[in-house]
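A.B. asks: Quick one: the structure is below, questions incoming.
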Amino acid sequence: MAPQRAPRTVDELMELLYSGQGAQRAPDRPEHPGHLDPPDLHQHALQIAALLRRSRPSDKELQVAGLVQDIGLLLHPDGSRASVTDDAATRTDAVADCIQLLLGGRVARLVRLHTPAERFLATREPGRELSPWASRTAGARGRVMAAAEAEAFARDPLAEDAVTLRQAAEAALVPGLDAGVLEDWRPVLALVAADRAAPPPRPAPGRAYPVRH
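Residue numbers (this note's numbering): 99 to 311.
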C-alpha cells in the first residue's frame with residue numbers, strides 16, 4: 099500500500115484511524131512479546147484513549163494524543179519511512195509533525211515525548227524492560243537515560259503528562275477489551291481542532307492588553 103497523506107481535517111484523521119482495523123505492528127516489533135494476540139492498532143488506540151479519559155477526564159488533549167500516537171504506522175503501511183525505522187523517535191516525530199497543524203502544539207509535543215518517556219521510566223524504575231525498538235533507539239546512549247538526560251526530561255513542563263501517556267500505551271494491550279467505538283471520539287477531536295484554530299481573544303472595547311517588552 100502507498101503511504102497515506104497526512105490528515106488535514108478531523109474527517110481525514112478519523113478515516114486514517116479507522117484504517118487501523120486489523121492492522122498490526124511489524125512482527126519483529128511487538129509491544130510486549132508476552133501478549134500472543136495483541137489488539138490491532140484501532141483497538142490499541144481506543145484502549146489508550148479510554149484509559150486516559152478515565153485517569154485524566156478533563157484533559158482532552160492528552161486523550162487525543164493517546165488516540166493518535168501510533169498513526170505513523172498507518173500513514174506508511176508499506177513499511178516506508180518512519181513506520182519501520184529502528185529509531186522510534188523518528189517515527190513519533192513524523193506523527194507529531196503531521197498532526198500539529200490540526201490538533202495543536204501540545205498534542206504534538208505529547209506524542210513527541212512519549213517515546214523518551216519510556217527510557218525515563220526505565221531510569222526511574224530499575225529492572226523495568228524496554229520495548230525492543232526503544233532499546234534500539236537508545237543505541238549507544240544505553241537502555242536508560244543518563245542522569246543529566248533524565249533531569250532535563252523531568253524539567254520539561256509536559257514530562258508528567260508524557261509519562262502518563264506512555265503508561266497508558268503500555269497498559270492498552272488487552273485482547274478483546276471493550277474500549278468503546280471510534281465515533282465517540284469524533285466530537286472530542288473536533289473540539290481540540292477547533293481550539294487549535296480559534297483566534298486569540300480580543301480585548302474589551304476601550305482596553306488593551308499590556309505590551310511586554
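Beta carbons are placed, not taken as given, at the ideal position from N, Cα and C, and that holds for glycine.
What span of residues does the alpha helix (DSSP H) with Ser117 cover, start to end?
C.D. replies: Premise fails: Ser117 is in no alpha helix (DSSP H) and is neither H nor E.
A.B. asks: Decide if the region 242 to 253 is in contact with the region 192 to 210; the criterion is three or more beta carbon pairs, one per stretch, under 8 Å apart.
C.D. replies: no
A.B. asks: Would you kindly work out how many angstroms separate the C-alpha atoms of Trp231 and Leu219, rounded to a whole number?
C.D. replies: Low confidence applies here, because Trp231 scores a pLDDT of 43, under 50, leaving its location unreliable and the question unanswered by this model.
A.B. asks: Leu171 and Leu139 look like a contact to me (Cβ under 8 Å); what is the Cβ gap, rounded to whole Å?
C.D. replies: 6 Å
A.B. asks: Taking 8 Å as the threshold (C-beta atoms), are Leu287 and Val108 in contact?
C.D. replies: yes
A.B. asks: Quick one: Cα of Asp259 to Cα of Leu144, how far?
C.D. replies: 18 Å
A.B. asks: Please say whether Pro136 and Leu271 have beta carbons closer to each other than 8 Å?
C.D. replies: yes
A.B. asks: Restricting to Cα atoms, I'd like to know which of Gln119, Ala163, Pro224 is closest to Arg210.
C.D. replies: Ala163
A.B. asks: Since I believe Ala267 is in contact with Ile146 (beta carbons under 8 Å), could you give me their beta-carbon distance rounded to a whole number of angstroms?
C.D. replies: 5 Å
A.B. asks: Applying the 10 Å Cβ sphere with the 16-neighbour rule, what's the burial state of Ala277?
C.D. replies: buried
A.B. asks: Considering only the alpha carbon of each residue, which of Gln122, Pro285, Leu165 lies closest to Ala206?
C.D. replies: Leu165
A.B. asks: Determine the direct distance from the alpha carbon of Arg264 to that of Asp254, and round the result to whole angstroms.
C.D. replies: 15 Å
A.B. asks: Taking its Cβ as the centre, do 16 or more other Cβ atoms sit within 10 Å of Arg217, making it buried, or is it exposed?
C.D. replies: buried
A.B. asks: In terms of residue numbering, what span does the alpha helix (DSSP H) encompassing Arg253 cover?
C.D. replies: 245 to 253
A.B. asks: Roughly how many angstroms lie between the CA atoms of Asp157 and Leu173, to the nearest whole one?
C.D. replies: 26 Å
A.B. asks: State the DSSP-derived secondary structure class of Gln102, mapped to helix, strand or coil.
C.D. replies: coil
A.B. asks: By DSSP, does Glu110 sit in helix, in strand, or in coil?
C.D. replies: helix
A.B. asks: Rounding to the nearest angstrom, what Cα-Cα distance links Trp283 and Ala104 in this structure?
C.D. replies: Looking at the two C-alpha atoms, the distance is approximately 19 Å.
A.B. asks: So, helix, strand or coil for Ala266, using DSSP?
C.D. replies: helix
A.B. asks: Whose CA, out of Asp293, Gly118, Val261, lies closest to the CA of Leu153?
C.D. replies: The displayed chain sequence assigns Ser, not Leu, to residue 153. Per the Cα distances, Val261.
A.B. asks: Quick check on the DSSP output: the alpha helix (DSSP H) that includes Ser156 runs from which residue to which?
C.D. replies: Run containing Ser156: none; DSSP gives neither H nor E here.
A.B. asks: Start and end of the alpha helix (DSSP H) containing Ala292?
C.D. replies: 284 to 295
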